[in-house]
Amino acid sequence: MAVKEKLEAVLNVGLRVPSIMLLDVLYRWDVSSFFQQIQRSSLNNNPLFQYKYLALNMHYVGYILSVVLLTLPRQHLVQLYLYFLTALLLYAGHQISRDYVRSELESGYEGPLYLEPLSMNRFTTALIGQLVVCTLCSCVMQTKQIWLFSAHLLPLVARLCLVPLETIVFINRFAMIFTGLEVLYFLASNLLVPYNLAKTAYRELVQVVEVYGLLALGMSLWNQLVVPVLFMVFWLVLFALQIYSYFSTRDQPTSRERLLFLFLTSIAECCSTPYSLLGLVFTVSFVALGVLTLCKFYLQGYRAFMNDNAMHRGMTEGITLLVLAVQTGLIELQVIHRAFLLSIILFIVVASILQSMLEIADPIVLALGASRDKSWWKHFRAVSLCLFLLVFPSYMAYMICQFFHMDFWLLIIISSSILTSLQVLGTLFIYVLFMVEEFRKEPVENMDDVIYYVNGTYRLLEFLVALCVVAYGVSETIFGEWTVMGSTIIFIHSYYNVWLRAQLGWKSFLLRRDAVNKIKSLPTATSTQLEKHNDICAICYQDMQNAVITPCSHFFHAGCLKKWLYVQETCPFCHGQLKSQSTPTPAPLPPQEPVVHQPANQEVENPGPLCATEAPAEEPVTPEDMDVTCQDTCTPEAGSLSSACPSDSRLVPECKNGDTVLFDINCICENEYISV
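Structure, rendered in structure tokens:
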């Protein structure tokens, strides 16, 4: 991004912050109490304050102007600020001229300036100030007609011409009136500009809504106004002003406990309106995003920014803060109660950030343990982060139990912290198992079962903790104070963290039990069969010292096939359905008639609906029996259909299920018919 684009982005945010601050001030302003104070003061006879309803309408006009300033395009907003700066410069010129005339009247000297050093100094200072004001106004308004802003030089010119002091006072008033008339002329000449801008904006909004819809319009305004960054800057300005106002009135140093209380009370002071609460929400979101980004960078370096996850952008923490603040009525509380409630809400946000950090670290740590990466620095970073996520949530839960009285929200925080520590403990245990397996010469055959039991234990503890939280929430709802929001949260927590987890765990248990039963029902290959098979496992590509035989006569490791069956109940090689067999060994094939094959340079003519081989009528041969016999004799290597077959392989029709004729690749080995 170029420097100009960065500057425009900064201006786009900085120039809109005052409009939100004005909205915040208007929300804090109590009009009724203001008029009560006016009635008790000496301003009650002022005609401006006699029209109360007009002032009330002006209050709402202030809201409209704030919204207009917030939504103005950047070019018009810059131009408006330049006009406002010009008005301030003209007012400064008026003040300089008035102060000079007043000082001259107080001195009473009407002679030449060069004869009185003090008069000469006052004249020189006022002249330099007026010249600076005129030059700045000309630059801001981008005009060479500098005389338009030099009316305040008339009193100085009159004093230089030895005009009497009483006359200089009238000249100063004339200069002020002339400048005011210039301002009024400028406003009158641009009176229709707001109307034209509103008309153009309305036309563009209608076109965008007709073409793209309201959602696209909202997203476009969200991106153009940079709403999250805008509210974050607004809240940080409020927080900085609050801290500055505190330390500017304190002379003594503040203790550490006092600093923590100051931090909480300052945050509480800066979320007393809906606008400041939104600012705090977006600030927390950006802080969470920064923490999660640092976590990714610590684990993976610059590679972490290549694969970004939308769920790890701090939005969860911000939404959590907003929901809890609205549910508890945070902005309606007093400052002390608000600070106490904010401490609990921030604990919940920190627990959510820790859980998000664990979601980032868990797959990285497990992948690092399963890989053959020997970089000790990568392992140190992964293990150190896991140790932090193991210790810090436990310490946070201990501190909450020490300093707060237990209620439903604190129980949610403590349960979340305990579950985070338990999950980190399970991750570290699996990581250690992977590292132990890495240093072994042979892989651990039951490693998958151990990992399943570790994860199952954690899921069971997680389910029990969630069940305890629900039970406590229900009891508090029944015997304590009942609220709609609290009951809704309990219902959502029960559905997602109890019911769905119970269903998922039970489904996983049933799939694993079915897979184990299928593996037990399959026949085990003998040493003779393994020698004749003389191949590797098609799943793990390792030699087979022991194996099981599927109904489609394929050989696999029992552990490899069991892992496959966790996913789907088909053969990994031919994708045939695997069903439990009642007999442990395949039945022997009856004698078969020799198969007549075509020569190599001829095609099969009119295969017809019959099979190429037919068994005796009294004992029909099934395709499964044929596959078993053929597999014992000749089997292709994994991943190849012809590696184990001789060169005289042929295409012959094969019967499947007795009613469909399909072509398959077959070969002749040892004068027997073999189906591959």
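For the sequence shown, counting from 1, position 413 maps to 413 in UniProt numbering; every step adds exactly one.
Where is the CB? At the ideal position from N, CA and C, for every residue including glycine.
Opposing strand residues paired with residue i [DSSP bridges]
i: residue 678; result: The structure shown does not extend to residue 678, since the chain is modelled only from 1 through 676, so no value can be given for it.
i: Q327; result: None, per the DSSP bridge assignment.
i: F556; result: V548
i: Q577; result: T570
Cα-Cα separation between residue i and residue j, rounded to whole angstroms
i: Q207; j: A201; result: 10 Å
i: M626; j: E531; result: Residue placement at M626 is flagged as unreliable, the pLDDT there being 41, under the threshold of 50; a coordinate-derived value is accordingly withheld.
i: S494; j: V470; result: 6 Å
i: N373; j: V365; result: For the record, residue 373 in the displayed sequence is Asp; it is not Asn. About 12 Å.
i: L389; j: T420; result: 7 Å
i: I267; j: Y275; result: 14 Å
i: H337; j: F170; result: 59 Å
i: T550; j: I400; result: 57 Å
i: I348; j: W377; result: 32 Å
i: S417; j: S394; result: 6 Å
i: L26; j: L105; result: 42 Å
i: T283; j: L230; result: 10 Å
i: G14; j: G93; result: 27 Å
i: N606; j: F509; result: Here the model assigns N606 a pLDDT of 43, short of 50, so the residue's position is not dependable and the matter cannot be decided.
i: C468; j: F261; result: 33 Å
i: S138; j: A87; result: 12 Å
i: T143; j: L191; result: 21 Å
i: R203; j: T71; result: 15 Å
i: A382; j: G426; result: 14 Å
i: I177; j: L77; result: 28 Å
Opening and closing residue of the alpha helix (DSSP H) in which residue i lies
i: V163; result: First-last for V163: undefined, no H or E at that position.
i: F434; result: F408 to F439
i: D362; result: V335 to A370
i: K378; result: W376 to F403
i: Y195; result: V193 to V211
i: Q142; result: First-last for Q142: undefined, no H or E at that position.
i: E116; result: No alpha helix (DSSP H) holds E116; DSSP gives it neither H nor E.
i: Y246; result: V227 to S248
i: T526; result: That residue, T526, is in no alpha helix (DSSP H); it is neither H nor E in DSSP.
i: W506; result: L500 to S521
i: D30; result: Counting along the chain, D30 falls outside any alpha helix (DSSP H), and DSSP gives it neither H nor E.
i: D99; result: R74 to S107
i: N190; result: No alpha helix (DSSP H) contains N190, which DSSP labels as neither H nor E.
i: E332; result: Looking at the DSSP string, E332 is not in any alpha helix (DSSP H), and its letter there is neither H nor E.
i: A466; result: M447 to F479
Same chain, Cβ closer than 7 Å to residue i, neighbours up to 5 away in sequence not counted
i: L610; result: Bear in mind that the predicted position of L610 carries a pLDDT of just 37, short of 50, making it unreliable; the figure below should be weighed with that in mind. So the list is empty, once near-sequence residues are dropped.
i: L511; result: Y566
i: Y431; result: V365, L366 and G369
i: R313; result: L289
i: Y114; result: M120
i: L500; result: none
i: V291; result: I353
i: S343; result: L264
Short Cβ contact (8 Å threshold) for residue i with residue j
i: L280; j: A339; result: no
i: L324; j: I353; result: no
i: I168; j: Q130; result: no
i: F408; j: G473; result: yes
i: F556; j: A502; result: no
i: E110; j: L148; result: no
i: Y458; j: L433; result: no
i: C560; j: C537; result: yes
i: N172; j: P194; result: no
i: V498; j: P523; result: no
i: R159; j: F123; result: yes
i: C270; j: Q224; result: no
i: D30; j: T273; result: no
i: V140; j: L82; result: yes
i: S285; j: P363; result: no
i: E8; j: R74; result: yes
i: I295; j: M357; result: Residue identity differs from the one stated: residue 295 is Cys in this sequence, not Ile. Yes, they are a contact pair.
i: I331; j: L277; result: yes
i: I519; j: K562; result: yes
Neighbourhood of residue i by C-beta, 8 Å cutoff - its chain only, sequence neighbours within 5 removed
i: V209; result: L217
i: M435; result: G369
i: L80; result: L69 and L72
i: F239; result: S266, I267 and C270
Heavy atom of the ligand COA within 7 Å of residue i beta-carbon
i: W377; result: As far as ligands go, the structure on display features none, and thus does not contain the ligand COA.
6 Å Cβ shell around residue i - same chain, five flanking residues per side excluded
i: P616; result: Because the pLDDT at P616 is just 40, under 50, the model does not fix this residue reliably, and the value given afterwards should be weighed accordingly. If we look at P616 and ignore the five residues flanking it on each side, it has no Cβ neighbours.
i: F297; result: A304
i: G639; result: The predicted model places G639 with a pLDDT of 37, which falls under 50 and marks its position as unreliable, so this point remains unresolved.
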